[in-house]
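Visitor:
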Amino acid sequence: MEEITLSPEKKRRILKNAEDLLQLYHDGSLGGKIMPEDANPGLEKDTKENYLYFTLPMALNYQRNSYKLWEAAKAAYLDAETHDIFSPECVVKMKQEELRTKLLRHKVALQPNKHIEIWARLCNTFMDKFQGDVRKLFWDNDNSVKKIKEYILKNKKEFPYLSGTKILNYWLYVMSQYTDAKLEDRQYITVAPDTHVIQASEKLGLITHEEAEKPAIREKVGPLWEEVFKNTERCPIDIHTPLWLWSKGGFKVKVDE
Numbered sequence: 001m002e003e004i005t006l007s008p009e010k011k012r013r014i015l016k017n018a019e020d021l022l023q024l025y026h027d028g029s030l031g032g033k034i035m036p037e038d039a040n041p042g043l044e045k046d047t048k049e050n051y052l053y054f055t056l057p058m059a060l061n062y063q064r065n066s067y068k069l070w071e072a073a074k075a076a077y078l079d080a081e082t083h084d085i086f087s088p089e090c091v092v093k094m095k096q097e098e099l100r101t102k103l104l105r106h107k108v109a110l111q112p113n114k115h116i117e118i119w120a121r122l123c124n125t126f127m128d129k130f131q132g133d134v135r136k137l138f139w140d141n142d143n144s145v146k147k148i149k150e151y152i153l154k155n156k157k158e159f160p161y162l163s164g165t166k167i168l169n170y171w172l173y174v175m176s177q178y179t180d181a182k183l184e185d186r187q188y189i190t191v192a193p194d195t196h197v198i199q200a201s202e203k204l205g206l207i208t209h210e211e212a213e214k215p216a217i218r219e220k221v222g223p224l225w226e227e228v229f230k231n232t233e234r235c236p237i238d239i240h241t242p243l244w245l246w247s248k249g250g251f252k253v254k255v256d257e
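In full-length UniProt numbering, the protein residues as written are 1 to 257.
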């Protein structure tokens, strides 16, 4: 990929608008602050179960309604008949049909084959490499975003969909918000380039409409936001939720772009 650069003038303009958007977010002006992952059973942040809860469904968060996914995950967790899908120790002992039935029951899975395979593969990976404990993945990599990302990307087949550009970054952001993970280098969590983030980036003038329409834009948006926040006190992921909510709300709140 070519080197990402922004003119000083454009960087100043985008940075100002980003700060304005962040302020609107913190003021509550971008609508409700309720995020999809707020649908959770309220587990203790430091527990093995909490880390698994916010990891396994994330791998199925592709081209679907995130709110419905996490509502389904919470329902499945609280249902005694399906609770064990969140335990890698139990999943690896299940026959595929049993796992399929349980994942489909509350619509955690929507695809009866692919989603079941993804869930099973992840559970096998965590059992084989980390004793069924996501926390061990973090501990083994010194709670370093850079090291965790490098490990997962070197073993992409063992982390289906979780290793994707969008989901990997957003998963690490969610883990930093909903677990007790003390990630040493948050600056390496870049913006997760989903549809709303891309649309909001275009609205702010960071990318053009033509660029937004190209498939490669998902690989470009993250580095662009890294360039915007370079040598500032902000981390790129800080802008993700404000961008997401702004777009989700139809850009009703004015930002002087």
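Virtual Cβ for every residue (Gly too), placed ideally from N, Cα, C.
The structure presented is a predicted model; accordingly, all values stated were derived computationally and were not measured.
Around the C-beta of residue 34, are 16 or more other C-beta atoms found within 10 angstroms, so that it is buried, or is it exposed?
Guide: Residue 34 comes out exposed.
Visitor: Between the alpha carbons of residue 138 and residue 181, how many angstroms are there, rounded?
Guide: When rounded, the distance between both Cα atoms is 8 Å.
Visitor: Tell me, please, whether the region 68 to 84 touches the region 164 to 175 by the rule of three or more beta-carbon pairs shorter than 8 Å.
Guide: Touching, no, given that fewer than three Cβ pairs across the two stretches are closer than 8 Å.
Visitor: Span of the alpha helix (DSSP H) holding residue 103?
Guide: Its alpha helix (DSSP H) spans residues 96 to 105.
Visitor: Exposed or buried, which one is residue 203 when buried takes at least 16 other CB atoms within 10 Å?
Guide: Result: buried.
Visitor: Check whether the region 95 to 111 and the region 7 to 26 are in contact - that is, three or more C-beta pairs closer than 8 Å.
Guide: Because the criterion of three Cβ pairs below 8 Å is not met, the region 95 to 111 and the region 7 to 26 do not touch.
Visitor: For a test of the three-state rule: what should DSSP assign to residue 25, helix, strand or coil?
Guide: Reduced to three states, the DSSP call for residue 25 is helix.
Visitor: Between which two residues does the alpha helix (DSSP H) harbouring residue 235 extend?
Guide: Premise fails: residue 235 is in no alpha helix (DSSP H) and is neither H nor E.
Visitor: Please state the DSSP three-state secondary structure of residue 208.
Guide: If DSSP states are grouped into helix, strand and coil, residue 208 belongs with coil.
Visitor: Assuming the contact rule is C-beta atoms closer than 8 Å, residue 174 and residue 240 should be a hit. Round their C-beta distance to whole Å, please.
Guide: With a Cβ gap of about 10 Å, residue 174 and residue 240 do not count as contacting.
Visitor: What number of angstroms, rounded off, separates the C-alpha of residue 221 from the C-alpha of residue 198?
Guide: Spanning the two alpha carbons is a distance of roughly 7 Å.
Visitor: Would the region 218 to 238 count as touching the region 4 to 13 if we require 3 or more Cβ pairs under 8 Å?
Guide: A contact exists between the region 218 to 238 and the region 4 to 13.
Visitor: What is the DSSP secondary structure of residue 59, counted as helix, strand or coil?
Guide: Helix, per DSSP.
Visitor: Could you tell me whether the Cβ atoms of residue 246 and residue 52 are closer together than 9 Å?
Guide: In this structure, residue 52 does not lie closer than 9 Å to residue 246 by Cβ.
Visitor: What is the residue span of the alpha helix (DSSP H) that residue 177 lies within?
Guide: Start and end: 165 to 178.
Visitor: How big is the Cα-Cα spacing for residue 156 and residue 56?
Guide: Those two C-alpha atoms are separated by around 15 Å.
Visitor: Tell me which residues share the same chain as residue 70 and place their Cβ nearer than 8 Å to its Cβ, disregarding the 5 neighbours each side in the sequence.
Guide: Answer for residue 70: 36, 37, 38, 39, 40 and 57, listed in chain order.
Visitor: Please classify residue 132 as buried or exposed, where buried requires at least 16 other C-beta atoms within 10 Å of its C-beta.
Guide: With 16 or more other Cβ atoms within 10 Å, it is buried.
Visitor: What's the call for residue 153, buried or exposed, on a 16-neighbour Cβ count within 10 Å?
Guide: Residue 153 should be labelled exposed.
Visitor: Nearest-angstrom Cα distance between residue 20 and residue 120?
Guide: Going from the Cα of residue 20 to the Cα of residue 120 covers about 43 Å.
Visitor: Alpha carbon to alpha carbon, what distance is there between residue 183 and residue 150?
Guide: Those two C-alpha atoms are separated by around 14 Å.
Visitor: Report yes if the C-beta distance between residue 193 and residue 219 is below 9 Å; otherwise report no.
Guide: The answer is yes: Cβ separation under 9 Å.
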